[in-house]
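Everything below concerns the one structure shown next.
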Amino acid sequence: MAAPIAQEELPILEAIINIRNRLTALKKNRGDYIKASDVNALYQAIVKQVTRLNEVRDDHTTYNNRLDTTLADVFNLLSLFYLTIGRTRECPATYSQIASMRQILDHMNESGIYNESDLEPFHKRIAELRQIVQQDAESGKHPVAMTTLLERQLNECDNVLRGLLDSLAVLSPELMPIHERLVNVRRQLVALAAKETASQAALALIPQDPVLPPSDDDLQTPTEASTFGVSDEAESKTPTKEVPNPEPIILPKLKAELKPLTEELRKIDSKRVDGRFMGPGGTFPASQAICSSLLEDCFDIVQEIRALAESKNVASSLKPIYDRLTEIRRELESLVMTHRWSLRETDLWNYSLSLQEIDKMRIDGKFVDAEGNRPVGQYVLLYLLRRCYGLIYRLLSSSEPVSEELIPIANKLTTVKKCLNEVLKYGGAFSPRELYPYQLALHQIDSIRKDGKFVGVDGSIPEGQGIVMAHLNECHELLEMLKERMDEGGTEEEDEYDETTFDTDEVSDDER
6 MAAPIAQEEL PILEAIINIR NRLTALKKNR GDYIKASDVN ALYQAIVKQV TRLNEVRDDH
66 TTYNNRLDTT LADVFNLLSL FYLTIGRTRE CPATYSQIAS MRQILDHMNE SGIYNESDLE
126 PFHKRIAELR QIVQQDAESG KHPVAMTTLL ERQLNECDNV LRGLLDSLAV LSPELMPIHE
186 RLVNVRRQLV ALAAKETASQ AALALIPQDP VLPPSDDDLQ TPTEASTFGV SDEAESKTPT
246 KEVPNPEPII LPKLKAELKP LTEELRKIDS KRVDGRFMGP GGTFPASQAI CSSLLEDCFD
306 IVQEIRALAE SKNVASSLKP IYDRLTEIRR ELESLVMTHR WSLRETDLWN YSLSLQEIDK
366 MRIDGKFVDA EGNRPVGQYV LLYLLRRCYG LIYRLLSSSE PVSEELIPIA NKLTTVKKCL
426 NEVLKYGGAF SPRELYPYQL ALHQIDSIRK DGKFVGVDGS IPEGQGIVMA HLNECHELLE
486 MLKERMDEGG TEEEDEYDET TFDTDEVSDD ER
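Convert by adding 5 to the 1-based position in the sequence shown; the result is the number in this note's numbering.
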């Protein structure tokens with residue numbers, strides 16, 4: 006439960022709520038590009054409130070009230086704005102990435118399912134973000150309060166990461182291979198459980214009424230359609246859609262995928278003697294509990310997958326959570342594929358809020374129903390939740406230092422460069438007319454520049470000039486290489502024509 010707010014902090018809370026509302030309104034405005042000046046003004050406003058807050062608080066006391074949660078929301082959203090305008094190498098942009106990383110590490114710590122290869126990318130990313138924060142702190146580009154806050158958060162992430170690495174350090178070398186195998190098997194099992202549940206949920210997309218023609222309801226999303234039950238009888242009577250009953254297909258396929266994983270677990274289990282793994286020379290290595298609990302956890306998941314296959318779905322009390330997580334996962338996976346063209350980093354804010362709300366519904370790490378029971382389907386929901394956190398972190402990490410306003414130009418240049426590389430790679434006979442579309446595209450982009458720079462709608466210079474110019478110069482270089490190759494090809498053809506003409510003349514003289 007959040008602590009009460011002190012009287013002197015109430016004006017600060019009101020000001021921070023006002024800033025959050027302004028950020029939310031700016032995020033919802035899809036008609037205009039986000040201007041760096043607007044973001045900077047809101048950033049300066051929140052820094053002013055943080056300075057006021059530091060004056061009324063004790064540095065040695067930990068606070069956790071509504072003001073702190075609201076302030077965290079503002080910093081998270083502001084960080085997404087910095088990514089959107091292309092300032093990815095400034096410390097405010099690191100806040101959302103640190104928060105996302107902390108969520109994933111906390112879930113790893115809770116599940117205990119990880120190995121050193123899983124933790125290595127986080128170790129590198131923390132070092133990269135720390136370097137950004139330290140550079141801003143040394144240059145004085147951002148206030149000390151901001152860099153100190155980020156340093157504290159990075160230290161907290163680093164502490165969690167070190168705790169995870171320390172827990173792996175207690176594993177004896179003899180049990181390391183077994184632990185690696187168990188981690189991999191468990192991941193395959195939870196992925197299989199989620200896939201099986203998704204396959205069963207897809208059955209709800211089949212229309213119930215066999216008489217009516219397809220309507221808008223036939224095009225429902227899985228989340229909407231899953232609220233309606235579909236009987237086998239209704240499926241068999243549908244004359245307009247000859248959809249075979251998927252049960253004979255899904256279950257054998259599930260069993261086929263589950264069988265090798267189960268056999269792998271049994272092989273590992275057979276290495277135990279009296280419930281303990283035996284090492285070389287008949288000794289029992291330390292850290293038995295880690296591998297044994299992980300093995301038992303894998304067997305529990307196998308049993309749950311079989312139960313899901315029989316019940317055909319997650320427990321009805323958990324169905325709304327499953328539907329929402331499935332929808333979020335589908336949308337995030339779509340963004341991973343198309344983020345270069347369609348993602349505005351501030352769009353991730355709503356997904357983060359939804360996941361946090363779902364995460365807070367857990368009690369002692371489990372989802373419960375109205376009676377306080379723990380229904381079946383826990384592993385599936387946790388897998389989907391952690392998968393969504395991972396997708397958000399992936400999107401945040403892949404954000405390029407290019408402003409939203411220059412993204413269309415950068416994408417067009419990337420496409421042109423890819424096409425030119427393909428033409429250069431495969432070669433062949435081509436004419437100036439075939440190169441004309443590429444020349445026209447580059448000319449159009451060149452004509453947008455003013456004094457060698459791409460200028461925004463409001464006359465400002467958006468972030469990412471260097472990256473876009475590098476793409477543009479590379480496209481021009483590729484085009485010149487193609488022109489040279491085309492000229493060389495034309496010269497060789499002329500030489501061959503001259504030689505043929507000369508030989509013909511000689512033959513004519515001999516005949517005379």
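For glycine and all other residues, C-beta sits at the position ideal for the given N, C-alpha and C. Predicted model, so just to flag it, every value in this text is computed and none were measured.
It is roughly 54 Å from the alpha-carbon of Ile10 to the alpha-carbon of Leu477. The shortest C-alpha to C-alpha distance from Leu187 to any of Asp328, Leu396 and Glu269 is the one to Glu269. A Cβ-Cβ separation of about 6 Å places Leu134 in contact with Ile103 under the 8 Å criterion. Assigned with DSSP and collapsed to three states, Val55 falls in helix. If you check the CB distance, Ile90 and Ile21 do not come in under 7 Å. Looking at the backbone, the Cα of Glu179 and that of Pro290 are separated by about 7 Å.
In the three-state reduction of the DSSP assignment, Val319 falls in the coil class. The beta carbon of Leu124 sits closer than 7 Å to the beta carbons of Leu166, Leu169 and Leu170 from its chain, once the five residues preceding and following it are set aside; these are given in chain order. Taking Thr267 as reference, the option from Lys129, Ser322, Glu143 and Cys303 with the minimal CA-CA separation is Cys303. In its chain, beyond the 5 residues on either side, Leu187 have a beta carbon closer than 6 Å to the beta carbon of Leu299. Lys488 and Trp354 have their C-alpha atoms roughly 47 Å apart. Just so you know, the alpha carbons of Val175 and Lys129 end up roughly 23 Å apart. Per the DSSP secondary-structure output, Arg281 pairs in a beta bridge with Val278.
For the 7 Å CB-CB criterion, Ile137 and Arg94 form a contact. Between Leu483 and Leu425, the CB-CB gap stays under 7 Å.
With a 10 Å radius around the Cβ and a threshold of 16 neighbouring Cβ atoms, Leu429 comes out exposed.
Residue burial is scored here from C-beta neighbours: Tyr441 has fewer than 16 other C-beta atoms within 10 angstroms and is therefore classed as exposed. Contiguous beta strand (DSSP E) elements confined to the segment 359-406 do not occur, taking only those with 3 or more residues. In the three-state reduction of the DSSP assignment, Asn34 falls in the coil class.
Under the rule that a run must span 4 or more residues, the alpha helix (DSSP H) segments found entirely inside the segment 89-171 read 99-116 and 121-144. Just so you know, the alpha carbons of Ala41 and Lys324 end up roughly 42 Å apart.
The criterion of a C-beta distance shorter than 7 Å is satisfied by Arg334 and Arg392.
For Ala8, the pairing in a beta bridge is given by DSSP as Asn70. The C-beta of Pro467 has 16 or more other C-beta atoms within 10 Å across all chains shown, which makes the residue buried. From the listed residues Gly370, Ser347 and Lys423, the smallest Cα separation to Glu409 is found for Ser347. Distance from the CA atom of Lys33 to the CA atom of Phe372, rounded to whole angstroms, is 32 Å. Following the DSSP letters along the chain, one finds Asp451 inside the alpha helix (DSSP H) bounded by residues Pro437 to Ile453. Counted as a single uninterrupted DSSP element, the alpha helix (DSSP H) harbouring Leu418 occupies residues Ile412 to Tyr431. Exclusion of the five residues before and after Gln49 leaves no residue of its chain whose Cβ lies closer than 7 Å to its Cβ. Contact check for Val385 and Ala150: beta-carbon distance about 42 Å, past the 8 Å limit, so the pair fails to qualify.
Shortest Cα-Cα distance from Lys146 to any of Ser101, Pro97 and Pro413 involves Pro97.
Taking 8 Å as the upper bound for CB-CB distance, Arg71 and Leu18 are in contact here, some 7 Å apart.
Asp374 is classed as exposed because its beta carbon has fewer than 16 other beta carbons within 10 Å across all chains shown.
Under the DSSP definition of a beta bridge, Lys458 partners with Lys455.
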